[in-house]
Structure formats: C-alpha cells, structure tokens
Amino acid sequence: MDYATVKKWATFFIGILCAIVIADRLSNVIVSAAGIVGWMNFLVNFLLYAVFFFAILYIIEKIFHIEFFGFSRK
486 MDYATVKKWA TFFIGILCAI VIADRLSNVI VSAAGIVGWM NFLVNFLLYA VFFFAILYII
546 EKIFHIEFFG FSRK
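Under my numbering, the first residue of the sequence shown carries the number 486, and numbering increases by one thereafter.
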C-alpha cells in the first residue's frame, strides 16, 4: 500500500473539513452580530462563507506547504 497517497488524501479531506467548519462559524458569527435577517441573511452568509472558505484554504496552503486544487501552479 502506498502511504504517500493515503496521507495526501487524508490531508486533503482534513484541510477541507477544517476550512468548512471555520468558514461556517466565522460567517454565522458575523451575520448574527450584524443582526441581518430574512433573505439577506442567506445571501450575506453565503458570500461571507465563500470568501472565508477560500481564504482559509489559501492560508492552510501557505502555512503547511500543501496544495488543494492547484491554484498556485504555474
């Protein structure tokens, strides 16, 4: 069994899961603190979630020197 492949996939899924959880918490806290309700709550929460998710993935890539989707490939 090739443990490098297993480690690569485990790192990928753990990194994505961390980004999902952190982005969800941050976006919910900000929207709740702002007091936004209704359809604007959904829209603002979604936009903040997307921004935080990709920002966190970028930060994880830079800190741990791993690559999720190949955005930084030339």
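By construction, the Cβ of each residue, glycine as well, lies at the ideal position given by its N, Cα and C atoms.
query = Under the three-state reduction of DSSP, which class applies to V516: helix, strand or coil?
reply = Your numbering for residue 516 matches position 31 in the sequence shown. Helix at V516.
query = What's the call for S512, buried or exposed, on a 16-neighbour Cβ count within 10 Å?
reply = Residue mapping note: residue 512 aligns to position 27 of the sequence shown, counting from 1. S512 comes out buried.
I501 versus G555, V491, I541, residue with shortest Cα-Cα distance = As a working mapping, residue 501 is identified with position 16 in the sequence shown. Cα-wise, what sits closest to I501 is I541.
inquiry  = For the pair the stretch 544-556 and the stretch 494-510, tell me if three or more CB-CB distances fall below 8 Å.
reply    = Contact between the stretch 544-556 and the stretch 494-510 is present, because at least three Cβ pairs lie under 8 Å.
request  = For I544, count neighbouring C-beta atoms within 10 Å of its own C-beta (all shown protein chains included) and say buried if the count is 16 or more, exposed if not.
outcome  = Counting from one through the sequence shown, the residue named residue 544 turns up at place 59. Residue environment for I544: exposed (fewer than 16 other C-beta atoms within 10 angstroms of its C-beta).
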